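Here the structure is laid out as structure tokens; the discussion comes afterwards.
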Amino acid sequence: MQQHEIRRFVERYFAANGCTFVEANDDYLTVQLTAEMDKELMNRPFYWHYIERTGGVPQPMQLTLIIRANERTDKLKGERLHFGAPRLHQLFRSAQKRGSFIRLYEEPSAPLDGNAALHPWLGMNVTISYECDRKKDEIVSLGLHLISGTIVESFHERMRERRLTPKIPDYCFTISPLIKPRSGIGRLEQYIRSRIAADDHAWADEARRRWADDLALLDEFYKDCEEKPECYYIEKEALEKQYKPRITVSVINGGLFYLLPRSS
Amino acid sequence: MNIDLEMDETWKEEFLERVEKDGPWASWEMYELALEAAHHVSVPEFHGLQAPKHLPHLTILPHQLEVARRVVEEMNGKAILADEVGLGKTIEAGLVLKEYMIRGLVKKALILVPASLVSQWVRELNEKFFIPAVQQKKSYVWEQCDIVVSSIDTAKKPPHRDIIYGQSYDMIIIDEAHKLKNNKTKNYEFVQNLKKKFCLLLTATPIQNRIEEIFNLVSLLKPGHLGSSEQFAKTYGKTRAVQTNDHLKALVNKVMIRNRRADTPIEWAKRHVEPVLIEFTNEEREMYEAVKALRRESFAGSFSLITLLREACSSREALFLTIKNMIDKCGGAVPEPLKRVVEKINAVTTNSKAEKALELIRSINDKVIIFTEYRATQLYLQWFLKQHGISSVPFRGGFRRGKKDWMQELFKHHAQVFIATEAGGEGINLQFCRYVINYDLPWNPMRLEQRIGRVHRLGQTDDVYIYNFAVKQTVEEHILTLLYEKIRLFERVVGELDDILAKMNLANLERYFEDAFVHSRSEGEMKVKMENIVAMIELAEQLGKEGGERYAAT
Numbered sequence: 001m002q003q004h005e006i007r008r009f010v011e012r013y014f015a016a017n018g019c020t021f022v023e024a025n026d027d028y029l030t031v032q033l034t035a036e037m038d039k040e041l042m043n044r045p046f047y048w049h050y051i052e053r054t055g056g057v058p059q060p061m062q063l064t065l066i067i068r069a070n071e072r073t074d075k076l077k078g079e080r081l082h083f084g085a086p087r088l089h090q091l092f093r094s095a096q097k098r099g100s101f102i103r104l105y106e107e108p109s110a111p112l113d114g115n116a117a118l119h120p121w122l123g124m125n126v127t128i129s130y131e132c133d134r135k136k137d138e139i140v141s142l143g144l145h146l147i148s149g150t151i152v153e154s155f156h157e158r159m160r161e162r163r164l165t166p167k168i169p170d171y172c173f174t175i176s177p178l179i180k181p182r183s184g185i186g187r188l189e190q191y192i193r194s195r196i197a198a199d200d201h202a203w204a205d206e207a208r209r210r211w212a213d214d215l216a217l218l219d220e221f222y223k224d225c226e227e228k229p230e231c232y233y234i235e236k237e238a239l240e241k242q243y244k245p246r247i248t249v250s251v252i253n254g255g256l257f258y259l260l261p262r263s264s
Numbered sequence: 001m002n003i004d005l006e007m008d009e010t011w012k013e014e015f016l017e018r019v020e021k022d023g024p025w026a027s028w029e030m031y032e033l034a035l036e037a038a039h040h041v042s043v044p045e046f047h048g049l050q051a052p053k054h055l056p057h058l059t060i061l062p063h064q065l066e067v068a069r070r071v072v073e074e075m076n077g078k079a080i081l082a083d084e085v086g087l088g089k090t091i092e093a094g095l096v097l098k099e100y101m102i103r104g105l106v107k108k109a110l111i112l113v114p115a116s117l118v119s120q121w122v123r124e125l126n127e128k129f130f131i132p133a134v135q136q137k138k139s140y141v142w143e144q145c146d147i148v149v150s151s152i153d154t155a156k157k158p159p160h161r162d163i164i165y166g167q168s169y170d171m172i173i174i175d176e177a178h179k180l181k182n183n184k185t186k187n188y189e190f191v192q193n194l195k196k197k198f199c200l201l202l203t204a205t206p207i208q209n210r211i212e213e214i215f216n217l218v219s220l221l222k223p224g225h226l227g228s229s230e231q232f233a234k235t236y237g238k239t240r241a242v243q244t245n246d247h248l249k250a251l252v253n254k255v256m257i258r259n260r261r262a263d264t265p266i267e268w269a270k271r272h273v274e275p276v277l278i279e280f281t282n283e284e285r286e287m288y289e290a291v292k293a294l295r296r297e298s299f300a301g302s303f304s305l306i307t308l309l310r311e312a313c314s315s316r317e318a319l320f321l322t323i324k325n326m327i328d329k330c331g332g333a334v335p336e337p338l339k340r341v342v343e344k345i346n347a348v349t350t351n352s353k354a355e356k357a358l359e360l361i362r363s364i365n366d367k368v369i370i371f372t373e374y375r376a377t378q379l380y381l382q383w384f385l386k387q388h389g390i391s392s393v394p395f396r397g398g399f400r401r402g403k404k405d406w407m408q409e410l411f412k413h414h415a416q417v418f419i420a421t422e423a424g425g426e427g428i429n430l431q432f433c434r435y436v437i438n439y440d441l442p443w444n445p446m447r448l449e450q451r452i453g454r455v456h457r458l459g460q461t462d463d464v465y466i467y468n469f470a471v472k473q474t475v476e477e478h479i480l481t482l483l484y485e486k487i488r489l490f491e492r493v494v495g496e497l498d499d500i501l502a503k504m505n506l507a508n509l510e511r512y513f514e515d516a517f518v519h520s521r522s523e524g525e526m527k528v529k530m531e532n533i534v535a536m537i538e539l540a541e542q543l544g545k546e547g548g549e550r551y552a553a554t
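Written out as structure tokens, the structure reads:
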């Protein structure tokens, strides 16, 4: 993640959460936090508790984030922001927490002749993590048509091309889903399972081989012991934790999308 | 496909609840940011290192990166990191830990280090690696904090031990791991019973160890890698040192990485070493001779004459402290020879070495570190320098970390001289200083290296000056001659001697010296013994050269 990307992310994050910029130049940003964002990010529960109990006037903090350090920023009381900075990762977590659930409607691009029907879709972005003593992640975006059961990939990219709004547009009505959200999620999960099953899992075989090798060494080490000591079992369990391949699927975010049907 | 698959349920339940309650819903912008954040924290490849991208402010050297890569990709996260002093083992360990944390493979880690290094580790992990490491101070810390730094002595004691055994650690890091070379110790047993998925053992001196010690260290990390102890004894029992057996060497190198200064392309600051010979005054000489005369006494066996002689070379204060202890032990009647020594001590009014040090410090006119082995000398020097208007900071191993840090800062900003006793040698970084006075010389060349390593390390940009003090016609001059002329310590590449000592299987050079000095009945016998030591070193060196191969991990 480059510094300009970090800057863009931070600006969008604070703007999306109603904060204003007291100062914004190439080197740094100073943000006036709202009370809500102060509570979210600044970790001062006692202050807020005190203000609320005494009915005092809250003074949310300002936060100065330095994007490009130089002599000018040295004089500031600010935090340097870079890809490893704890503050940035706090913003990442906060964004994920605040952007988990959504419901949007598509806005027709041209005036409509009559009423338009919006079709319900369930969208889900998930991280699939492949884990042994190493790990890799894959992010997959899926959409399920809650009428026909059709599943599409790269759903999120498709949504970026549409005009979406949180309120149902005039002259539009929604079709009720035939597939209820709960079973919709079930279908997407099933789809993910099959997708994973169809993959090549050489990584897991290799991990099991490394596991078996180490286990053989461990058995050899204790082979002359009639009764194996406790540390044998501790080590054996640790090897399982180290090498045993496993896959976890976690949802980043998702929601309901009411979309105009496309002819294609 | 036979792999455990786990679906996250938390999102599902909350989503359904919001559908039920018709919200609240995020904005499209927030939704996009959430996905973007997920992309940034995800790791798309099994291979490669993510950590450097997270640490743009940290200068990571190529050999450190390579260590981290090998530990993760080739050693599956279990390794002995054995770089020579000053190459940055802490950085390497931090990189590996960070890499696993970024990948979500390590959440809970236990870092066991000598007590004197605990707060330094905490600080470095937090400041350099943004790893929220915590010093163990209260017992709830074991359970409630994810990354805990503690001394092994605390950790192994109840009630801590049982709480720790109840934890499941993803990673264990042990600094100064050569202290775990003996598998009969409590420390060894404690570490053996820890649940450890990934494990790093850090040590600068694995090569000094005897072959059984290497076996114990490796078996702690990866039991069975060198076979069972019976097998090992059968196969390698006659091998004296690891590097004389190619097969064993190859096996050990699978779990151990050792970088040497000579192998890294780093341009080291130059090191100038200068012997400084000092002449005793008549009074000092008489004091020294009075101590030497104690050799003939019947109670001589109960104490180390060599220690007394070295103290006499250091300061009368250091000598007096030990003599007084001896007198106290004698009860009422003070033996005549001890009385004589005390008389001679009282007659001494100056300290030639201290005078020399003062002269040198004045001419250097910059920050200077003085190493002495004796606390009494340390106190004396502080007082002596103060008499002459020079500010100094004392430093001991026994200081609590906070005090150590404070002293280090005091030296950096407010004092000219830093006076450290031997124990102060480990775990402090004083790169901002480049003059070292070895006020009295340690026997063990490796200890001398550790002292010098405090200033001659990564980050030192200027030439370093080392002054080795020795009093003429004393035990010190013998040590100096041996180190300079016979072993040619200061002409060698750093680390070379380490190999040689290992080849000789002569880790404890000190014992040989002591024997030569104390048990020799004449000057002649002592000389012969010293020559023998030198001959052994030369032989080992020759063997090493004929073998052609230097012990290196890569």
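Here the protein sequences come in this chain order: A and B. In this text, residue positions in the first sequence follow the UniProt record's numbering: the first is 1, and each later residue adds one. In this text, residue positions in the second sequence follow the UniProt record's numbering: the first is 1, and each later residue adds one. Idealized CB from N, CA, C, for every residue including glycine. These figures come from a predicted structure and were not determined experimentally.
Measure from the alpha carbon of residue 92 of chain A to the alpha carbon of each residue in A:165, A:13, A:141, then state which is nearest. A:13
Using a beta-carbon distance cut-off of less than 9 Å, what residues from the segment 29 to 48 of chain B approach chain A? 29, 30, 31, 32, 33, 34, 35, 36, 37, 38, 39, 40, 41, 42, 43, 44, 45, 46, 47
Could you tell me how far apart the beta carbons of residue 556 of chain B and residue 64 of chain B are, in whole angstroms, since I believe they sit closer than 8 Å? The first residue shown for chain B is 1 and the last is 554, placing residue 556 of chain B beyond what the model contains.
Our contact map puts residue 241 of chain A next to residue 46 of chain B with C-beta atoms below 8 Å; I'd like the distance itself, whole angstroms only. Going by Cβ atoms, the distance from residue 241 of chain A to residue 46 of chain B rounds to 18 Å, so no, they are not a contact pair.
Pick from B:524, B:521, B:519, B:513: whose alpha carbon is nearest that of residue 536 of chain B? B:513
7 Å Cβ cutoff met for residue 110 of chain B and residue 141 of chain B: no
My output table needs one value for residue 537 of chain B: the three-state DSSP class, helix, strand or coil. helix
Looking only at its chain, what residues have a beta carbon closer than 6 Å to the beta carbon of residue 132 of chain A, apart from the 5 residues adjacent to it on each side? 207, 243, 245
Consult DSSP for residue 425 of chain B and reduce its assignment to one of helix, strand or coil. Legend: pLDDT at residue 425 of chain B = 48, less than 50; position of this residue unreliable, value from coordinates given subsequently. In this structure, residue 425 of chain B counts as helix in the three-state DSSP scheme.
Check the Cβ of residue 223 of chain A against every Cβ in chain B and list those closer than 8 Å, keeping chain order. 228
Between residue 154 of chain A and the rest of its own chain, which residues show a CB-CB distance below 8 Å, the 5 nearest in sequence each way excluded? 141
Contact under 7 Å by Cβ, residue 249 of chain A with residue 151 of chain A: no
Please confirm whether residue 42 of chain B and residue 175 of chain A have their CB atoms less than 7 Å apart. no
If we cut at 7 Å on Cβ distances, does residue 99 of chain B have a partner in chain A? no
With burial defined as no fewer than 16 other Cβ atoms inside 10 Å of the residue's Cβ, what is the status of residue 173 of chain A: buried or exposed? exposed
If you draw a straight line from the C-alpha of residue 13 of chain B to the C-alpha of residue 164 of chain A, how long is it? 25 Å
May I ask you to report which of helix, strand or coil DSSP gives residue 393 of chain B? strand
Anticipated Cβ contact below 8 Å, residue 396 of chain B with residue 421 of chain B, distance rounded: 5 Å
Residues near residue 20 of chain A in its chain [Cβ-Cβ closer than 6 Å; skip 5 each side]: 32
Euclidean distance between Cα positions of residue 1 of chain B and residue 210 of chain A: 18 Å
May I ask you to verify whether the segment 271 to 279 of chain B touches the segment 469 to 481 of chain B, counting CB pairs closer than 8 Å and requiring at least 3? yes
By the 9 Å beta-carbon criterion, what residues does the segment 231 to 244 of chain A contribute toward chain B? 231, 232, 234, 235, 237, 238, 239, 241, 242, 243, 244
Could you tell me the alpha carbon to alpha carbon distance between residue 388 of chain B and residue 482 of chain B, rounded to whole angstroms? 34 Å
Using 6 Å as the cut-off, classify the Cβ of residue 54 of chain A as near or not near the heavy atoms of the ligand MG, replying yes or no. No copy of the ligand MG occurs in the structure displayed, which carries no ligand at all.
Could you give the C-beta distance for residue 6 of chain A and residue 81 of chain A, rounded to a whole number, given that I count them as a contact under 8 Å? 6 Å
Taking DSSP as the reference, what is the three-state secondary structure of residue 387 of chain B? helix
Can you grab the Cα-Cα spacing for the pair residue 367 of chain B / residue 34 of chain B, in whole Å? 53 Å
In whole angstroms, what is the alpha-carbon distance linking residue 424 of chain B and residue 204 of chain B? For residue 424 of chain B, the pLDDT reaches just 49, beneath the cut-off of 50, and the residue's location in the model is therefore unreliable, although a value from the coordinates is still provided. Residue 424 of chain B and residue 204 of chain B: Cα-Cα distance of roughly 17 Å.
Tell me residue 247 of chain A's beta-bridge partners as DSSP assigns them. A:130, B:5
Can you list the alpha helix (DSSP H) stretches of 4 or more residues lying completely in the segment 132 to 182 of chain A, in chain order? 155 to 160
Can you list the residues of chain A that residue 478 of chain B reaches, using a CB-CB cut of under 7 Å? What residue 478 of chain B touches in chain A: nothing, since even the nearest Cβ is about 47 Å away.
For the alpha helix (DSSP H) containing residue 365 of chain B, list its first residue and its last residue. Counting along the chain, residue 365 of chain B falls outside any alpha helix (DSSP H), and DSSP gives it neither H nor E.
Would you be able to state if there are at least three C-beta pairs under 8 Å between the segment 81 to 101 of chain B and the segment 193 to 200 of chain B? yes
Compare the C-beta of residue 135 of chain A with all C-beta atoms of chain B and state if any pair is closer than 7 Å. yes
Could you confirm whether any beta carbon from chain B is found closer than 7 Å to the beta carbon of residue 82 of chain A? yes
Specify the secondary structure class of residue 10 of chain B as computed by DSSP and reduced to three states. helix
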